[in-house]
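The sequence shown begins at 36 in the working numbering and counts up one residue at a time. First up is the structure itself, then whatever we jot down about it.
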Amino acid sequence: MANHVTALKNARQSERRQAVNRQRKTRLRHQIRTLRRLMEQKDVTGAEKILPETFSMVDRASKWGIIKPNTASRYKSRLHTRLKALKAA
């Protein structure tokens with residue numbers, strides 16, 4: 036356990052940041068899951084409507100450091116490719 040005042044403060048800040056990051060990552064996962072479920076149900080219009088919101092959330096998560104930039108790019112690329120394939124079918 037931390038003994039110095041600054042170490043105690045740093046521990047408190049770390050706990051708060053951890054809680055915020057956990058919440059943001061959970062929200063991101065739920066958003067991606069919702070989009071994937073819409074694509075599995077072949078709901079193209081619903082998926083197209085939620086796609087920009089999902090991309091925005093992925094970009095913000097990358098900016099905040101929740102996920103790495105290449106991971107964000109990979110998510111966006113794969114989701115967009117699946118949606119285009121679904122539209123073509």
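Beta carbons are placed, not taken as given, at the ideal position from N, Cα and C, and that holds for glycine. This one's a predicted model, so the numbers in the text were calculated from it and none came from an experiment.
_Taking only three categories from DSSP, how would you classify Asn45?_
helix
_Val79 to Leu118 span [Cα, whole Å]_ = 7 Å
_What does the alpha-carbon distance come out to for the pair Ile102 and Ala37?_
29 Å
*Exposed unless 16 or more other CB atoms sit within 10 angstroms - verdict on Leu43*: Classification for Leu43: exposed.
_Quick test of the definition: if touching needs 3 or more C-beta pairs under 8 Å, does the segment 51-67 touch the segment 89-100?_
yes
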